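Q:
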Amino acid sequence: MLRKLGLALLMVLGWAPLTGAQEWAEKMFKKLDHDFGAVARGADTVYKFEVVNIYKQDMTLSGVRSSCGCTSPSLEGPNGPVPEGASVTLKSHEKAYVVARYNTRTHVGQKGATLTVTFGPPYTAEVQLRVHGLIRGDIVFSPGAVEFGEVNEGQPAEQKLIVNYAGRPDWEIVDVTNDNDNFEVELSERERSGGRVSYELIIRLKPNVPAGYVKDQLTVVTNDTRAYNQRIPLFISGSIRPEFSVTPAQLVLGELKPGQTVTRKIIVRGREPFKILDVNCGDNCFVFKKDDELKTVHFVEVTFTAGEQPGKLQTPIHIVTDRNNRQATCLASATVTAPPAAG
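Numbering follows the numbering used here, in which position 120 of the sequence shown is assigned residue number 125; successive positions increment by one, without gaps.
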C-alpha cells in the first residue's frame, strides 16, 4: 500500500517514474492500438502513435521494433523523422511519434504486428503497441496514394488514380466520400470483363484551399458483402505555396511606455501584381497606411500607440488583397511597460 501511494505521489508531483514500472511509459501514449481496417494492396498506409512527455525530466525513446514484417516502425521527433537506430529525447511536454507503416505491397490478408517501444536510459521501460488490418489482395491502387506535390495557392490541380479489382463480376465502387470541401472527385468505370473491374479516379484540388500542408483521406465505398470490407481509405497529401509573403513575418515593436508611439514598415510581396484592399488587426492601437496601386511589392506603414494597460500584446495583422480576397498575415508583438511608481 505504501509503495503504491509513493508511486502515485511521484506521478502527481511530476517526478521521474520508477525504473521497471511499465505503466508510467504507457501514460505517455494517447492510444496503444490501431486498426487500419480494410486497405487496398499497394496503398500507402501509415499511422502515427503520439507520445507526449508528461513528466518534468527528459525522457528518451531509444528504439522501436516490430514482431512482423507486415509493419515497418520508425521514430519521429519534434523536428521530424530520425535515422534508423537513433534515439529521441523529449523535454517536458514535447511530442514525438511512433510511425507504423503497413507494408501493403509485400503482404496480403489479415495482418497484425506488435511494436515494442524501448525507453531509456536513465528511465527504462518497454511499451507494446498493436496494429492490425486486412490487406486486400483483390484490390490494387495505382499509385498507392494521391500526391499533389507543391501547388501554388489559388491554382487548381488534379491527380489520377486507377483502382483494379479481381473477383466478383458484379463488384462496384458505389461512392467516394471525404469530410471536407477541398476536393472534387470524378469516378468512371474503365473496364469490366469477367471478374476483373477497373475504375479511374480523378481527384481535383480546389483553388480556394488555403496555403499550408494538405493531408487528408478519401474513402472508397464498395458493394462488398462484409461491412468491414466496404470502406477503403485513400490518402492525399500536398503542399500549397502561399501567393503572398510578408517581411518580417513577425513584427517586433519592442518595449513602449503608455502613450508612446512607434512606426515600422512591412513588405508584402505577391507572385503577380495585386492591390491591397484593407489592412486590419482588430486592435484600435494600430493605424495602417497603404497605397492603392497594382503591383507585386507593397510597403505598408504600421503605427502602434501603446495603451495605458501594461503587459504583452500579440495580434495578427491581416492584409486583404483583390486576388479573390485572399490574405497575407503578419504577427505583431509589443510590450507596454508599467509606469514608474510614484515616489
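All residues carry an ideal CB built from backbone N, CA and C; glycine is no exception. In this text the structure is predicted, and so the values were computed from the model without any measurement.
1) To the nearest angstrom, report how far apart L256 and E248 are at their CA atoms.
2) If you follow the beta strand (DSSP E) that A337 is part of, which residue opens it and which one closes it?
3) Please return the same chain residues whose Cβ sits closer than 8 Å to the Cβ of G90, not counting the five positions on each side in sequence.
4) Output needed for D297: all residues of its chain with C-beta closer than 7 Å, excluding positions within five of it in sequence on either side, in chain order.
5) Output the distance between the C-alpha atoms of V44 and G312, rounded to the nearest integer angstrom.
6) Taking only runs that begin and end inside the stretch 240 to 279, name each unbroken beta strand (DSSP E) of 3 or more residues, in chain order.
7) By the 10 Å Cβ neighbour count, where 16 or more other Cβ atoms means buried, how is A13 classified, buried or exposed?
8) With a threshold of 7 Å (Cβ to nearest heavy atom), would Q265 be considered close to the ligand FAD?
9) Is it buried or exposed, F146, if we count other Cβ atoms within 10 angstroms and call 16 or more buried?
10) Rounded to whole angstroms, what is the Cα-Cα separation between L336 and S203?
11) Please state whether DSSP places A311 in a helix, a strand or coil.
12) By DSSP, does E28 sit in helix, in strand, or in coil?
13) In whole angstroms, what is the alpha-carbon distance linking I140 and T76?
14) Drop a sphere of 10 angstroms on the beta-carbon of P22, count the other beta-carbons inside from all chains shown, and report buried for 16 or more, exposed for fewer.
15) Starting from F34, trace the beta strand (DSSP E) in both directions and tell me its first and last residue.
16) Using beta-carbon positions only, say whether K211 and D186 come within less than 8 Å of one another.
17) Secondary structure at A48, three-state DSSP: helix, strand or coil?
18) What residues in its chain sit with their C-beta under 8 Å from that of C290, if we drop five residues either side in the sequence?
A: Looking at the coordinates:
1) Within the model, the alpha-carbon separation for L256 versus E248 is close to 20 Å.
2) Where A337 is concerned, the enclosing beta strand (DSSP E) stretches over 332 to 341.
3) Cβ neighbours of G90 beyond the five flanking positions: G68.
4) Around D297: K280.
5) The alpha-carbon of V44 is positioned some 58 Å away from that of G312.
6) Counting only runs of 3+ residues, the beta strand (DSSP E) found wholly inside the stretch 240 to 279 occupies 249 to 252, 255 to 261, 266 to 279, in chain order.
7) Bear in mind that the predicted position of A13 carries a pLDDT of just 43, short of 50, making it unreliable; the figure below should be weighed with that in mind. It counts as exposed.
8) This structure simply doesn't include the ligand FAD, nor any ligand for that matter.
9) F146 counts as buried, since at least 16 other C-beta atoms from the protein chains shown sit within 10 angstroms of its C-beta.
10) Taking C-alpha positions only, L336 is separated from S203 by approximately 50 Å.
11) A311 falls in the coil class under three-state DSSP.
12) Annotated three-state conformation of E28 is helix, per DSSP.
13) Going by the C-alpha atoms only, they are around 12 Å apart.
14) Because P22 carries a pLDDT of 49, less than 50, the predicted location of this residue cannot be relied on, and the following value inherits that uncertainty. The residue in question, P22, is buried, as its Cβ has 16 or more Cβ neighbours within 10 Å.
15) Note, F34: premise wrong, no beta strand (DSSP E); not H, not E.
16) Contact flag set, yes.
17) Looking at A48 - three-state DSSP - the assignment turns out to be coil, as it is neither helix nor strand.
18) F309, T310, A311, G312, L318.
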